[in-house]
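Please read the structure below before turning to the comments.
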Amino acid sequence: MLRSRLISIRGSKATAQELAEILQSRRARKGREEHVAAFERERVAVRDRLRTTSHTTAITDRLERVDHHEAEVKRILDLVPERHSTVADLAEATIRFLKTFFRSGSDTDARALESILDRLYALSDIELDGQPAEVAEMLASLMRRHRVGISAAQEGHLYAVPVSRAGYSGRPVTFVVGLDEGMFPGGATEDPLIPDHDRREISPELGENQNRPGERVWQLLRFLGSIPGKATLVANRFDLIDGRERYASSVVAQCREDLDMENPPRYAPSFTLPEAMTESEIWIAQRDVDRVGEALLQRYPLVAAGAEAQRHRLSPGITRFDGYLGQARPELSLTNGEVLSASRLERIASCPYRYFLSDVLRVRPLDDADDDDHRWLNPRDFGSVVHEMLCDFMKQHKDQGDRPDLERDRNDMHALVELAASEARKRIPPETELSYRADVGRLKRTMDVFLAADSASDYVQALEFELRFGYSDGSPRYPSPVVLELGDGLNISLRGSIDRVDVTRNGFVIWDYKTGSAAPFSRSDLFDGEKLQWALYALAYQELINGLPTHLDVDRSGYFFVSERESGRRIAQAVPGRDELARRLGPLLSMAEHGAFLHYQRIDKKVSPCRFCDFRTVCEKERRDRDMLDAAMESSVPGEVLNDLQQWLTL
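Numbering of the sequence shown is given in the numbering used here, commencing with residue 176 and proceeding in unit increments.
This is the structure in structure tokens:
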């Protein structure tokens, strides 16, 4: 109801869509306590983001909206009657709910609401009581019989009824639809829970499933034999969903024999519509398309705005809908001293338009909960739990002065998994116990992969774990951000969290744990795919240790894949020069300062940069590549922006 905007939410900033996202992603269940717990889990998640983002204002606004959403949900829950209530109590509560929260979008909706309220007022005199679920089912059963807008056959109107009630209006023209072989007369399969012999014992009114096909055929023949005019039998000959041919029911041939027709029935499609992909599109196409489109845009202003934006994005020129703001925007500069994260720089390096959506417009993709009943943790939560366990485990072994060993530490690691999972369960309740145990097993197998890979590694000592820098609430050792001077006046302020620093014979090695696939990472060039974190963290750690009494420098940096699929694979490279990083980031940072976040991709077209993007469904088809520079050159884009774009695209 929230996603369909059938419920109105107070407040200009709070939206029903956002409330639905919170309830689903935080797995709110029945009951006031469960909903309160879901909002608390959302607050914890938002505060966690506050520790790793510079958008503090946006996070604060989000927390305020969470409080507002919780208050709205409590308003709804306050309407729920106490236990052992009556049908009248629930009917009155439903009336208050509809009057307070129902969103009427048209005159038809308003008339339907008035009809439903009248019915509920009539039911508010019923004093039958019982358990809440029983009372709710009684009220629902009574309301299901209520019909809105029902009427008798009227002249000049289409009149639709089931076959069992057809043949009484005396109309000269009749159409019988739904005569596909899979739909009519239907199967005679018995109900596995209440077979026919039990149905007879319970009540003759239930009917028997084995007799229903014959009853339907009899009703059709009764109707065809009683109508005064012409009947047209209609069957679907092609299934648009499955993409296969369908056939008419055998009853069509039976009608021919029973009615002794001199000429065989004529099969002809009612119309053709190659553009239609769904049944709804076929029905809409039979109406005045221009008027339908106009009515749609008037009824839904957001759809109208989206259509206007799409028209501009599909045009050959470059507009604000393609990420070009039309003028220099110093406040959007990334070199003005604002503290940046590696992930933020990677976003603008992989796709400036993605950065525009997420960091300039602050668009948040839908965070729907995973519908997989066999999964408790989504990929993000799974990775967070793994990172926490590896940090605790490695710190313990550093304090003990030894290295992890697969055979010796496997049981201890599994015990740590059980403890970490039980703590995570408080924040993220599983849908089922089966999904919880399945993911606990997955965590244990991931830890086994880590132990096996780490035991075989040749590092001398694991030195640092979850080393935070640039966070005021992080490690007291490095509360200030690291300023990287890349040359030619290009300086960036960086903060982050380094998962692990190892000491080897050749120097320090920086590792970032990954629980996902290694597919987006190149073994030969980590810069391929616009990966920057490994390089940024290597240079940042070198800055942190400069001046310390050590003869070692950062030697390599890379990624440690601990998932079952990747089996402990490591990808690392030598630390790049600062000039190389400046060559890759300079043009992008210059374009950002000019308000240009153009929808261009530097990567070869054979490799989709949109594959792992949250906004893939929004704009993947509209992206441009290095072969489409003419669009930018023919637009009113300043020369310096074009030079930066060409320089970046030809790296």
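Don't be surprised by glycine CBs; every beta carbon is placed ideally from N, CA and C.
query	result
Report the three-state DSSP secondary structure of K619 (helix, strand or coil).	helix
Work out the CA separation of P784 and E739 for me, nearest whole Å.	25 Å
Using 8 Å for Cβ pairs, my map puts L657 next to L719. What's the rounded Cβ distance?	Note that residue 657 is Val in the sequence shown here, rather than Leu. Going by Cβ atoms, the distance from V657 to L719 rounds to 7 Å, so yes, they are a contact pair.
For the segment 263-275 against the segment 293-313, are there 3 or more C-beta pairs whose distance is under 8 Å?	yes
Out of E330, Q394, S299 and D754, point me to the one whose CA is closest to L317's CA.	S299
Give a yes or no on contact between the segment 809-823 and the segment 752-772, applying the rule of three or more CB pairs nearer than 8 Å.	yes
Quick one: what's got a C-beta closer than 7 Å to F398's C-beta in the same chain, skipping five residues either side?	V338, A341 and G342
Could you tell me the alpha carbon to alpha carbon distance between E795 and D304, rounded to whole angstroms?	56 Å
Identify the continuous beta strand (DSSP E) that holds D677 and give its terminal residues.	N666 to T679
Tell me the DSSP secondary structure of V750 in three-state form.	coil
Helix, strand or coil for I182, going by three-state DSSP, please let me know.	strand
Of all the options D584, A747 and F557, which has the alpha carbon lying nearest to the alpha carbon of D677?	A747
Go ahead and pull the three-state DSSP assignment for W551.	coil
Nearest to T725 by alpha carbon, out of G743, L198 and N681?	N681
Entirely within the segment 726-778 and at least 4 residues each: give me those alpha helix (DSSP H) ranges in chain order.	753-768
Under 8 Å between the Cβ atoms of A637 and M588?	no
Would you check if the segment 481-499 and the segment 519-535 touch, i.e. whether three or more CB-CB distances between them fall below 8 Å?	yes
Between the beta-carbon of P360 and the beta-carbon of V392, is there less than 8 Å?	yes
Distance check for V478 and L471, CA to CA, integer angstroms please.	8 Å
What separation, rounded to the nearest whole angstrom, lies between the Cα atoms of A613 and K619?	10 Å
Between which two residues does the alpha helix (DSSP H) harbouring Y530 extend?	P527 to Y530
Taking E193 and R240 to be in contact with their CB atoms under 8 Å, please state how far apart those CB atoms are, rounded to whole angstroms.	7 Å
By how many angstroms is the C-alpha of A328 removed from the C-alpha of P403?	16 Å
I believe Y646 touches R670 by the beta-carbon criterion, under 8 Å. Please report the beta-carbon distance rounded to the nearest angstrom.	6 Å
Please state the DSSP three-state secondary structure of D580.	coil
Only counting the same chain, and skipping five residues up and downstream in sequence, which positions put a Cβ closer than 6 Å to that of K781?	With a pLDDT of only 48 at K781, under the threshold of 50, the placement of this residue in the model should not be trusted; the figure read from the coordinates follows. Same-chain partners within the cutoff: there are none.
Taking Cβ positions, are A503 and V560 nearer each other than 8 Å?	no
Since F683 is in the beta strand (DSSP E), which residue starts that stretch and which ends it?	G682 to K689
Tell me the rounded alpha-carbon separation between E257 and Q306.	10 Å
Is it buried or exposed for Q473, if we count other Cβ within 10 angstroms and need 16 for buried?	exposed
Taking 8 Å as the cut-off, decide whether the C-beta atoms of A757 and L665 are in contact.	yes
Thinking just about the alpha-carbon of each residue, which of T792, R374, L804 and A771 is nearest to the one in S508?	A771
Which term fits M622, buried or exposed, when burial requires 16 or more other beta carbons within 10 angstroms of its beta carbon?	buried
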